[in-house]
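Trainee:
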Amino acid sequence: MKYRPHPDGGDPYVDVSAEEINARRAFIREAALRYGVRIGDAEDIVQDVMIAACESARDCKIRGSARVPPEKTLEVFLRAVTWFRASNYRRRHRNRYEYTGDVDKLVGNIDPREAAEARDLLRAVARMRPKAANALLLALLGFTVAEAAKESGRNPSTHHRHVQELRRLLRKLGAEPAPKQAPRPGWKQRKRGR
1 MKYRPHPDGG
11 DPYVDVSAEE
21 INARRAFIRE
31 AALRYGVRIG
41 DAEDIVQDVM
51 IAACESARDC
61 KIRGSARVPP
71 EKTLEVFLRA
81 VTWFRASNYR
91 RRHRNRYEYT
101 GDVDKLVGNI
111 DPREAAEARD
121 LLRAVARMRP
131 KAANALLLAL
141 LGFTVAEAAK
151 ESGRNPSTHH
161 RHVQELRRLL
171 RKLGAEPAPK
181 QAPRPGWKQR
191 KRGR
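So for the sequence shown, UniProt numbering puts the first residue at 1; every next one is plus one.
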């Protein structure tokens, strides 16, 4: 990795290979997680950033300065691209609450009542905030609260709150519906009783 003079003049560009960009994969992943990308989607962001970086390197768009080492210039570029990709990711996923796949394929051939309960559970999980859904994923993978908080980069008490919110939701889905109540009397019926 080194600077080369740009064909159009001006600041030099960083001549970097795809292998050198791939060597910074962990750096990109850490930055994506720091910028709010869920653990399960971090690898997609890493792939997007690496593709964008390789295309920019091929087109001589990673420009630096003679006073800054090329390694630092590349890291600043990767951090900026990761921030933009993570921002787009958060904006797209903030408003996505509905599960878009075919729920029956996930549920399989089981009792219709169980399929309806599983469908309700999937819809409830899809409507949850991303951090709470991430807490569910980590709980299903067998992480303790401390391990899951460390993996997701959050405070253990915050992660515990998300787990409690999830348990409350599951209790609510598993509970029997409340019995129907008699309608409240209107003003005429109350007046008649006086």
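Virtual Cβ for every residue (Gly too), placed ideally from N, Cα, C.
At which residue ranges does the region 10-53 contain complete beta strand (DSSP E) runs of 3 or more residues, listed in the order of the chain?
Mentor: Entirely contained in the region 10-53, the beta strand (DSSP E) runs reaching 3 residues are, in chain order, 13-15.
Trainee: Determine the closest residue to residue 75 out of 91, 93 and 50, with distance taken between C-alpha atoms.
Mentor: Your numbering for residue 75 matches position 75 in the sequence shown. Of the candidates 91, 93 and 50, the one whose C-alpha sits nearest the C-alpha of residue 75 is 50.
Trainee: Among the residues of its own chain, which have a CB less than 8 Å from the CB of residue 22, if the five just before and after it don't count?
Mentor: As a position in the sequence shown, residue 22 is number 22, starting the count at 1. For residue 22, where only same-chain residues beyond five positions count, the Cβ hits under 8 Å are 50.
Trainee: With residue 4 as the anchor, note down where its alpha helix (DSSP H) starts and where it stops.
Mentor: Counted from its first residue, the sequence shown places residue 4 at position 4. Note, residue 4: premise wrong, no alpha helix (DSSP H); beta strand (DSSP E) at 2-4.
Trainee: Which first and last residues belong to the alpha helix (DSSP H) in which residue 68 is found?
Mentor: Indexing the sequence shown from 1 puts residue 68 at position 68. Where residue 68 is concerned, there is no enclosing alpha helix (DSSP H), given that its DSSP letter is neither H nor E.
Trainee: Could you round the C-beta distance between residue 39 and residue 152 to whole angstroms and report it? I think they count as a contact, below 8 Å.
Mentor: If you number the sequence shown from 1, residue 39 lands on position 39. If you number the sequence shown from 1, residue 152 lands on position 152. With 8 Å as the limit, residue 39 and residue 152 qualify as a contact, their Cβ atoms being about 6 Å apart.
Trainee: Below 8 Å, how does it come out for the region 54-71 and the region 122-129: are there three or more Cβ pairs, yes or no?
Mentor: With a cut-off of 8 Å, the region 122-129 and the region 54-71 do not count as touching, because too few Cβ pairs lie within range.
Trainee: For residue 11, collect the residues of the same chain with a Cβ closer than 7 Å to its Cβ; drop the 5 residues on either side in sequence, then sort them by chain order.
Mentor: Counting from 1 along the sequence shown, the entry for residue 11 is found at position 11. Excluding sequence neighbours, residue 11 sits near 63, 64 and 65.
Trainee: Do you know whose CA, among 172, 48, 129 and 13, lies nearest residue 81's CA?
Mentor: Working through the sequence shown from its first residue, we reach residue 81 at position 81. For residue 81, the nearest C-alpha among the options comes from 48.
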